[in-house]
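Residue numbers 4 to 567, in the numbering used here, belong to the letters of the sequence shown in order.
Beta carbons: idealized from backbone N, C-alpha and C, even for Gly.
Remember, it's a predicted structure, so these values are computed and weren't measured experimentally.
Report on the structure given below.
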Amino acid sequence: MKRYFQTDANNFFRSFILTIVVLLTTIFSLTSAGEIDTLFILQTTDVHGNIYPYNYFTDKEAPYGLARAYTKVSEYRQKHANVILIDSGDLLQGTPLIYYFNKIESSVFNPLILTLNYMGYDAFTVGNHDIEQGFPVYYRAWRSSDFAWLSANGLRPDGRTLFEPYVILETNGIKVGVLGLTTPAIPMWLDSTLYPGIYWDDMVESAKYWAPDLRSRVDVLAGSFHAGFNENYSKKQTDRLGLPNENASGLVAKKIPLFDVVFAGHSHRPVGRIGKSSTVEKSNILVRGKETTLLLNAGSRAQNIAVARFILEKSPDGSFEILSKDGWLEPLKNTPPSQAILTLTRKYHEKTLKYTHTVIATLTDTLNGRMARWEDTPLMDLINGAQLELSKADISFAACFNDRLLIPPGNLTIKNVYQMYKYENYLYVVEMTGQQIKDFLEYSSQYFQWKDGAISVNPKMAGYNFDMAEGIGYRIHVKNPLGSRITDLTDLKSGKPLDMERVYRVAMNSYRATGGGGHLAAANASDAPIIWKSQTEIRNLLIDYIKNKKIINPKTNHNWKLLP
4 MKRYFQTDAN NFFRSFILTI VVLLTTIFSL TSAGEIDTLF ILQTTDVHGN
54 IYPYNYFTDK EAPYGLARAY TKVSEYRQKH ANVILIDSGD LLQGTPLIYY
104 FNKIESSVFN PLILTLNYMG YDAFTVGNHD IEQGFPVYYR AWRSSDFAWL
154 SANGLRPDGR TLFEPYVILE TNGIKVGVLG LTTPAIPMWL DSTLYPGIYW
204 DDMVESAKYW APDLRSRVDV LAGSFHAGFN ENYSKKQTDR LGLPNENASG
254 LVAKKIPLFD VVFAGHSHRP VGRIGKSSTV EKSNILVRGK ETTLLLNAGS
304 RAQNIAVARF ILEKSPDGSF EILSKDGWLE PLKNTPPSQA ILTLTRKYHE
354 KTLKYTHTVI ATLTDTLNGR MARWEDTPLM DLINGAQLEL SKADISFAAC
404 FNDRLLIPPG NLTIKNVYQM YKYENYLYVV EMTGQQIKDF LEYSSQYFQW
454 KDGAISVNPK MAGYNFDMAE GIGYRIHVKN PLGSRITDLT DLKSGKPLDM
504 ERVYRVAMNS YRATGGGGHL AAANASDAPI IWKSQTEIRN LLIDYIKNKK
554 IINPKTNHNW KLLP
């Protein structure tokens, strides 16, 4: 398959050769006009480090992973001549396997890149969690790849894109353009040191700039966007921070009617009918007069492959016209894993298991996450306590990332810490006034609602955005209007009411400290000074903290309570 990347200049010799090629192609095309051909574009997205069909958090077989995906990809390639394979981002984060080989044993070939190279990927759009790993990690991965890394809206200070904006692929004379776009809400979650000097432009504006010229040069134009289709998902937060829309894939498809298919990612929400031959669901197609755009999202962790099929007819000038398009999802739950991929990455898998099964301490009682968002628990006191001790802060904020956690007494392993804390956040200390701390907690309390005479969870707020505090005592009155839910705020060190004027040192994860979730903006603390940053991730800090304790005796001080 031929690949064409963006270039900055042409010379006379290239122009002369191109002219000859065009003339010969035209002569050949006249004899083959009217030929019908079929093109398939296959997509994975948000793989999050999953190769083996294995869950490293539970040590059980899993219905996903690139090993399963390759079996399905191979089936398509064996049956069809024109198959293009792309991924729409968030590859380099999410499992102990990819963390270990990103950060601990990083001198060996990256296992995810090794796998994608072997599978024959043609293009990859960069995601926010890829950027989260830091420039040295994603640069090594990028330069080891046999496929294009795309992001047309990640701009250097001089206006050039950091990655390729697009790639043109050719199969049996059919030219396919793939434009890559990355969610521009990255500054809401990630410290700028992870993407030095890079500005993340609005997706719609970037597409307006790149798509028209690319459209004129290809037969099929595909968007591979690391952003969801729901443009309203975090609009309030991004608007408040002055950032472009986080999930603008649908907006691009609506406002720029040049794409034949838009593949989305980031949201982890599958879009497309299940199965090629489904008689219940229709293709997910956006119609604007005569223009149509197929909309697909494979979901996450290689649980599905998204498939776009185009039937094309060759024109006398050698170009191809699309006669019809269709799209669906291929679930991989019952697809056997490829033995080739399992063999290729077995040593990586075995090394990961040795790492995750390492014993670091003894647990004297059960750690349970089931009630961690409803009452103060030993789980959250362990995390907040570690953050306070390691950062020397006055107050700590943390959220429960796993409300299904259940760790029985006995050996505490690295795997258990991954179960407690699955994200690669760093620990920051931010200066905030007592009033800002109260307002932060008021915003966080939106996780709950008073409905039908009872407290329930607000479906509009994700659980990972409900932060709980340590170092202070307080009550949450759910029946009260927002702004007056938090009462009895007490400084636990002094036993006195929290001083609304005083500036406190507050520990929180890097996602929250850089604006993630909108808490700081709601507390009028978007510009709050960050006075300390850890040099390693919170999860590793927790591992070291627990190692040093040797024995973990779960307990809680019941410093906050949820009330009607």
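Assignment of Met374 by DSSP, reduced to helix, strand and coil, places it in the coil class. Nearest to Val506 by alpha-carbon distance, out of Gly521, Gly518, Asn562, Ala528, is Ala528. Residue environment for Arg407: exposed (fewer than 16 other C-beta atoms within 10 angstroms of its C-beta). Just so you know, the alpha carbons of Leu298 and Arg218 end up roughly 18 Å apart. In this structure, the alpha-carbon of Leu315 lies about 20 Å from that of Ala309. Measuring C-alpha to C-alpha distances from Glu135 to each of Arg163, Tyr103, Ile189, Pro114 identifies Ile189 as the nearest. Between Ser286 and Leu393, the C-beta gap is not smaller than 9 Å, which leaves the two residues out of contact.
Secondary structure at His480: strand, using DSSP grouped into helix, strand and coil. Uninterrupted beta strand (DSSP E) stretches at least 3 residues long and entirely within the segment 476-533 occur at 489-494, 506-512, given in chain order. Cβ-Cβ distances below 6 Å link Pro557 to Asp368, Leu370, Pro381 in the same chain, with the five nearest sequence neighbours on each side left out; the list follows chain order.
Distance from Ala364 to Lys553 at the Cβ level is roughly 6 Å; contact confirmed, criterion being Cβ atoms closer than 8 Å.
In the DSSP assignment, Asn560 falls outside any alpha helix (DSSP H), carrying neither H nor E. Secondary structure of Phe313 (DSSP, three-state): strand. In the three-state DSSP reduction, Trp192 falls in the coil class, being neither helix nor strand. Cα atoms of Thr539 and Ala510: separation of roughly 15 Å, rounded to the nearest angstrom.
For Ile325, DSSP records a beta bridge to Leu315. Within the DSSP bridge table, the entry for Tyr431 names Met511, Lys536 as partners. Ile417 and Tyr212 have their alpha carbons spaced roughly 47 Å apart. Judged by DSSP secondary structure, Lys463 falls outside any alpha helix (DSSP H); it is assigned neither H nor E. Note: Gly226 is bridge-paired with Leu182, Val265 in the DSSP secondary-structure output. Considering only Asn419, Leu565, Trp203, the residue with the shortest C-alpha distance to Arg163 is Trp203.
Taking C-alpha positions only, Asp93 is separated from Gly130 by approximately 5 Å. Under the three-state reduction of DSSP output, Asn235 falls in the coil class, being neither helix nor strand. A residue is called buried when at least 16 other Cβ atoms come within 10 angstroms of its Cβ; Gly498 does not meet this threshold and is exposed. Between the alpha carbons of Ile44 and Ile89 lies a gap of roughly 7 Å. A distance below 9 Å separates the beta carbons of Phe112 and Ser147. Look at Thr128 here: in three-state DSSP terms it is strand.
Within the same chain, Cβ atoms closer than 7 Å to the Cβ of Glu324 are found at Leu315, Glu316, Ser318, the five residues on either side in sequence being excluded. Just so you know, the alpha carbons of Arg272 and Ile288 end up roughly 17 Å apart. Gly157 has Trp203 as its beta-bridge partners, per DSSP.
In terms of Cβ geometry, Ser513 and Leu193 form a close pair [threshold 9 Å]. Put simply, of Met435, Asn543, Lys463 the residue whose alpha carbon is nearest the alpha carbon of Ala524 is Met435. Counting every other CB atom within 10 Å of its CB across the protein chains shown gives Pro160 a total below 16, marking it as exposed. Ranked by Cα distance from Arg373, the first of Ile410, Leu391, Pro340 is Ile410. Between Val265 and Phe313, the gap from beta carbon to beta carbon reaches 9 Å or more.
Membership of Ile277 in any alpha helix (DSSP H) is not indicated, and neither H nor E is assigned to it by DSSP.
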